[in-house]
Amino acid sequence: MTEQRLAHDDEISLVDLAAILVRRWKAMAIIFAVVVLAAFAYVLTMTPTYSYVSVYEVAEQAPVGEGSTERALESANTVIAKAQSLAVAPVTRELLQQSGLESLPFAVDLTTPEDTQLVKIISQASESDSALVEKMHSALLDNIASNQQALVDRQRASLESRLESLEDSLASAEQSTSSGAADLIASYTEQIAMTQDRLTLLQDGRVAQTAVKSLEKAGTSRTLIMALAVVLGIMLSLMAVFLMQFAGLVCNSLNEKES
46 MTEQRLAHDD
56 EISLVDLAAI
66 LVRRWKAMAI
76 IFAVVVLAAF
86 AYVLTMTPTY
96 SYVSVYEVAE
106 QAPVGEGSTE
116 RALESANTVI
126 AKAQSLAVAP
136 VTRELLQQSG
146 LESLPFAVDL
156 TTPEDTQLVK
166 IISQASESDS
176 ALVEKMHSAL
186 LDNIASNQQA
196 LVDRQRASLE
206 SRLESLEDSL
216 ASAEQSTSSG
226 AADLIASYTE
236 QIAMTQDRLT
246 LLQDGRVAQT
256 AVKSLEKAGT
266 SRTLIMALAV
276 VLGIMLSLMA
286 VFLMQFAGLV
296 CNSLNEKES
């Protein structure tokens, strides 16, 4: 009977829970107010940030291989990998030396949208750091454009050299009196046309935009932060009240045993 009575005493009904909340409503209100006011103070001190996006279109060439539609002279993923490995660190160091900062107040992400050959450079920063973002993006774009232009120049020189060689071979075939001269002329003519097409389709990469600021603010909105603070305040106040009630019961139990 004693064990049953103790088990019954340990049970807490919904009425008991409601009574606890009513008795300790002041503590709940204080904890809730502290959490919400702390969030409000944080929101007031938040510096608005925006996304700054630069876009580079990679150089293109004629599709390589039968049935291929891929025209990038160098894939966007390759361009990004090279920039991350060889350009980001040196550009960052140079910019830090120029600005006198220990670290940049923003991150730099290089991505490529799916099924495109675009390289996007993205940073989130405040308006006060926009000039620094533009310098960083411009330096990276210059590095990417320089590497791409070197590839284009090598490809163009190779095609022009091949075209010149084919034209010389065609001239020799036209002067030849052998029985296979006609076939050679037809073959060289076709190869010359294909090479000229490849030269025509070879296009330089270009900077589409540099550090363009987003219209909307980036990061977590103030409204969402306040909404989360209200939910957190309710949860913490409820938990604190029940912990206080439990601590009070433990203290009362210890006092009864000592007396």
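For what it's worth, the working numbering labels the leading residue of the sequence shown as 46, then goes sequentially. For each residue, glycine too, the CB sits at the ideal point set by N, CA and C.
- May I ask which residues mark the beginning and end of the alpha helix (DSSP H) holding residue 205? 175-220
- Less than 8 Å separating the beta-carbons of residue 104 and residue 250? yes
- Item | Collapsed DSSP secondary structure at residue 96 in the structure displayed | strand
- Message: What does the alpha-carbon distance come out to for the pair residue 117 and residue 132?
- Response: 21 Å
- Message: Within a Cβ cutoff of 7 Å, which residues of the same chain sit near residue 352, ignoring the five residues on either side of it in sequence?
- Response: This structure cannot settle anything about residue 352, because the visible part of the chain is limited to 46 through 304.
- Query: With respect to the beta strand (DSSP E) encompassing residue 260, which residues constitute its N-terminal and C-terminal limits?
  - Reply: 251-263
- Integer-rounded CB distance, given that residue 266 should sit under 8 Å from residue 73: Between residue 266 and residue 73 the Cβ distance is about 27 Å, and since that is not below 8 Å, they are no contact.
- Message: So the candidates are 168, 194, 120; which of them puts its Cα closest to the Cα of residue 364?
- Response: In the structure displayed, the chain extends from 46 to 304; residue 364 sits before or after that span and is not available.
- Are residue 166 and residue 149 touching if we call contact CB-CB under 8 Å? Result no, Cβ atoms of residue 166 and residue 149 do not sit closer than 8 Å.
- Any non-hydrogen atom of the ligand NAP closer than 7 Å to residue 75 Cβ: Only the bare structure without any ligand can be found here, which leaves the ligand NAP out of the picture.
- What does DSSP give as the partner residues of residue 102 in its beta bridges? Residue 102 pairs with 163, 251.
- Whole-angstrom distance between residue 274 and residue 291, CA atom to CA atom: 25 Å
- Candidates 88, 126, 238, of which the one nearest residue 272 by Cα: 88
- Would you decide whether residue 22 is buried or exposed? Buried here means 16 or more other CB atoms lie within 10 Å of its CB. Given that the chain is displayed from residue 46 to residue 304, the structure contains no residue 22 and the question cannot be resolved.
- Item | Euclidean distance between Cα positions of residue 81 and residue 124 | Note on geometry: alpha-carbon atoms of residue 81 and residue 124 lie some 47 Å from one another.
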